[in-house]
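Taken in sequence, the protein lines are chains A and B.
What the first sequence shows, in this note's numbering, is residues 1057 to 1311, in sequence order.
What the second sequence shows, in this note's numbering, is residues 18 to 313, in sequence order.
Cβ atoms here follow ideal geometry from the backbone N, Cα and C, with glycine treated the same way.
A quick note: this is a predicted structure, and the numbers were derived from the prediction, not measured.
Each remark here refers to the structure printed beneath this line.
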Amino acid sequence: MGTAEVELDGRPGESLRASSISRSFHGVQALRGVSLELRRGEVLGLIGPNGAGKSTLVNVLSGFDRPTRGRVHLGGRDITRWRAGRRGRNGLARTFQHSHAFRGLSVRENVAVSALGNGASQRDASRRAEELLELLGLAPYADVPAATLAHGDERRLGVARALATEPHYVLLDEPAAGLPEAEVPDFAAVVRSVRDEHGAGVLLIDHNMALIMDVCDRIQVLDQGETLAVGTPDEIRANLDVAAAYLGESAVTEE
Amino acid sequence: MTVTWQTLADALSLGGIYALMAVGIGLVFGVLRLVNFAYGQLIMAGAYAIAYASVWGWPSWAGILLCFGVVLALSVLLDRLVFRPLRTHSPAVMLVATFAIAFLLQSIAVLSFGQLGTVASTLGPLNQPWDIGGVEIRKIAIVSIVIAAVCLALLQLLLTRTSVGLQMRAAAMDFRTARMLGVRANRVIGGAVLISGLLAAISAFMLTARNPQVTPIFALDDTIIVLAGVVLGGLNRPIPATLGGFTIGFASGILGGGLPTNQSQYLPTFLFGAVILVLLVRPNGLFARGGSEERL
């Protein structure tokens, strides 16, 4: 199948790009020459079995890890050596699989601090926090400490916090894990609104194939640290290699 | 052991001062994961400022201003010359650096001002008693209880209601994530160091009023006791650290005032023995909630 090109409107050249990234931990190759391009205004799914290197790639993109080899570019600038904070201030946000919520702060404060860090005034920060908590269905928990949230809510708090920085690119690491199945369509709508209303590029890692197939413009499949396939959801669905590496052996179903 | 009203007021005021020192140490620990062992020497420098202003015949308010100027200037220098360059190094490196600074400042004091010390006589009137309903209580006891309460209330407002306070709390909980979200490290660390310096200056004023004999080891014992108090309360949250500082200050005030003179030399033994016992039972500190915090 090769690299499928999807027509995207506007902003040619505006992308977050990883080129030939390799990363090894004590001799174990987590990534071997993986390239990825996330454009503004698209949702790119990143799937693969556990241990395929998805989170390592997100760590490299967001500056939480340095690649052993390869470069990362943000809108044409080489940011490989930038720290996470500098990337954050330049329009890159992420969520985490394991909660990195400020556990002692309230849910509202967690989101507000993120907006403040991005230069919002105190008034704007609290307004943005209200809006995002509403958008993600967390408004009822605004004043409780983040430590008391259920797992799924904690993930959505991570998303709200990432969005509060008004990012150009947002990397969502399993944001829908722990979300009740009935709430997945609402979450898909959130992801679409981030793409359509804010024109952000969204990198979405998730094991929920229904969500991935529903919301992604393109999908990249990783397996054992290498790119197995890149394509539209239809192409990926049709690709037998992918089925063997991922869909076949995992318990998730598409329907 | 008898506890008089004067002892109680003294213990409350010592508790208040130690609470402020605990917050000063705890704030910097929160954002830097650094126990600043030079904190006592900042206070000592402020105390010398008051003492020398008094020797030069300056009015007491001018001495207090000089104390704030000296302590804040030293705090900012410490931040710029030591904390910022070493911030990304291991905590052990920073810890040793603060030890070095503590000894440096102490040696400067010995060389410049001598071992014997200088008396801050302008604050003498604060040691006069007030007659409150027939009970005589030293003015400085009342003054320091009020000042400590006001400072802690203002600090609570600052941490919960202001933008920089919120960012400081977030950074204290998870520095790396806070930075990822755009929180400026230098801003929160600079803010914490500055507030910590302000609290050191205020503590210097109150400790000097309690004990006007300023020597190069001024506030050294107090700082060690406060450090124990901070650990006792729980290091990484301001409120437990404050309560820990207050508790140990209050306890040492009561024991110091209540014990017969021939036994008061054992005071530190009692205090530190109690701290060890508490930590054996509650390793996260007396006032910490929940499990241990993730360390980065």
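* Alpha carbon of W147/B to alpha carbon of S129/B, nearest angstrom -> 37 Å
* Asked: Between A260/B and A291/B, what straight-line distance do the alpha-carbon atoms span, to the nearest angstrom?
  -> Before going further, note that residue 260/B is Leu rather than Ala in the sequence given. Taking the straight line from one Cα to the other gives about 15 Å.
* **Residue burial classification, H1156/A (beta-carbon count within 10 angstroms, cutoff 16)** => buried
* Within 7 Å of chain B by C-beta, residues of the segment 1151 to 1168 of chain A in sequence order -> H1156, F1158, R1159, G1160, L1161, E1165, A1168
* Run of the alpha helix (DSSP H) containing A1216/A, from where it starts to where it stops -> 1207 to 1219
* Asked: R299/B versus chain A: which residues are under 8 Å apart at the beta carbon?
  -> Near R299/B there are no residues of chain A at all, since even the closest Cβ is about 18 Å away, more than 8 Å.
* Using a Cβ-Cβ cut-off of less than 8 Å, list which residues of the segment 179 to 211 of chain B approach chain A; keep chain order. => Listed by position along the chain: T179, S180, L183, Q184, R186, A187, M190, D191, R193, T194, A195, R196, M197, L198, G199, V200, R201, A202.
* Asked: According to the Cβ coordinates, are A236/B and G47/B closer than 9 Å?
  -> G47/B sits away from A236/B, with the two beta carbons spaced by 9 Å or more.
* Asked: With C-beta atoms as the reference, is T24/B less than 9 Å away from I212/B?
  -> Taking 9 Å as the cut-off, the Cβ atoms of T24/B and I212/B do not count as close.
* chain A partners of R254/B, CB-CB under 8 Å? -> In chain order, G1160 make up the part of chain A whose C-beta sits under 8 Å from the C-beta of R254/B.
* To do: Anything in the segment 1091 to 1114 of chain A with a Cβ closer than 8 Å to a Cβ of chain B? List those residues in chain order, please.
  => none
* To do: Using a Cβ cut-off of 9 Å (strictly closer), state whether G1089/A contacts chain B.
  => Closer than 9 Å: no.
* State yes or no: is the beta carbon of G1234/A nearer than 9 Å to at least one beta carbon in chain B? => no
* Can the beta-carbon of R104/B be found closer than 9 Å to that of L49/B? -> yes
* Is it true that the segment 83 to 91 of chain B meets the segment 61 to 75 of chain B, where meeting means three or more beta-carbon pairs spaced less than 8 Å apart? -> yes
* Which class does L1100/A belong to by DSSP, given the choice of helix, strand or coil? -> strand
* Can you give the beta carbon distance from S1170/A to R1217/A, rounded, assuming they're within the 8 Å contact cut? -> About 4 Å; that satisfies the 8 Å criterion.
* Asked: Since H1254/A is in the alpha helix (DSSP H), which residue starts that stretch and which ends it?
  -> 1240 to 1254
* Interface residues of chain B facing G1144/A [CB-CB closer than 8 Å] -> R196, M197, L198, G199
* **E1282/A, enclosing beta strand (DSSP E) - first and last residue** => 1282 to 1287
* Asked: Expressed to the nearest angstrom, what Euclidean distance is found between the alpha-carbon atoms of P285/B and I241/B?
  -> 10 Å
* **DSSP beta-bridge partners of P277/B** => Paired residue(s): none; P277/B is not in a bridge.
* Roughly how many angstroms separate the alpha carbons of V1084/A and G1107/A, rounded to a whole number? -> 11 Å
* Quick one: list the residues of chain B neighbouring G1173/A, beta-carbon separation under 9 Å, in chain order. => Q184, A187, A195, R196, M197, L198, G199, V200, R201
* Asked: Can you find a C-beta in chain B that's less than 9 Å from the C-beta of R1183/A?
  -> Judged by the 9 Å Cβ criterion, R1183/A is not in contact with chain B.
* **Residues sharing a beta bridge with Q1085/A, DSSP** => S1080/A
* Does the beta-carbon distance from A1074/A to V1128/A come in below 9 Å? -> Result yes, Cβ atoms of A1074/A and V1128/A sit closer than 9 Å.
* Would you list the residues sitting across from V1090/A in a DSSP beta bridge? => I1077/A
* Determine the direct distance from the alpha carbon of P76/B to that of A70/B, and round the result to whole angstroms. => Their backbone Cα atoms lie some 8 Å apart in a straight line.
* To do: Please work out which residues of its chain come closer than 6 Å, Cβ to Cβ, to A119/B, disregarding the five sequence neighbours upstream and downstream, and give them in chain order.
  => Counting only Cβ-Cβ distances below 6 Å, and skipping sequence neighbours, we find F54, A55, Q58.
* **Close beta carbons around A36/B, own chain, < 7 Å, minus the five adjacent residues each side** => So the qualifying residues of the chain are A165, L169, T259, G262, F263, G266.
* **Within-9 Å CB hit, R1137/A to chain B** => no
* Is A1245/A near L1267/A, with beta carbons less than 9 Å apart? -> no
* Name the chain B residues whose beta carbon is nearer than 9 Å to that of T1288/A? -> Chain B residues near T1288/A: none, gap ~31 Å exceeds 9 Å.
* Could you pull the start and end residues of the beta strand (DSSP E) that W147/B belongs to? => 146 to 149
* Where does the unbroken beta strand (DSSP E) through R1127/A begin, and where does it stop? -> Taken as a continuous stretch (DSSP letters only), the beta strand (DSSP E) holding R1127/A covers 1125 to 1130.
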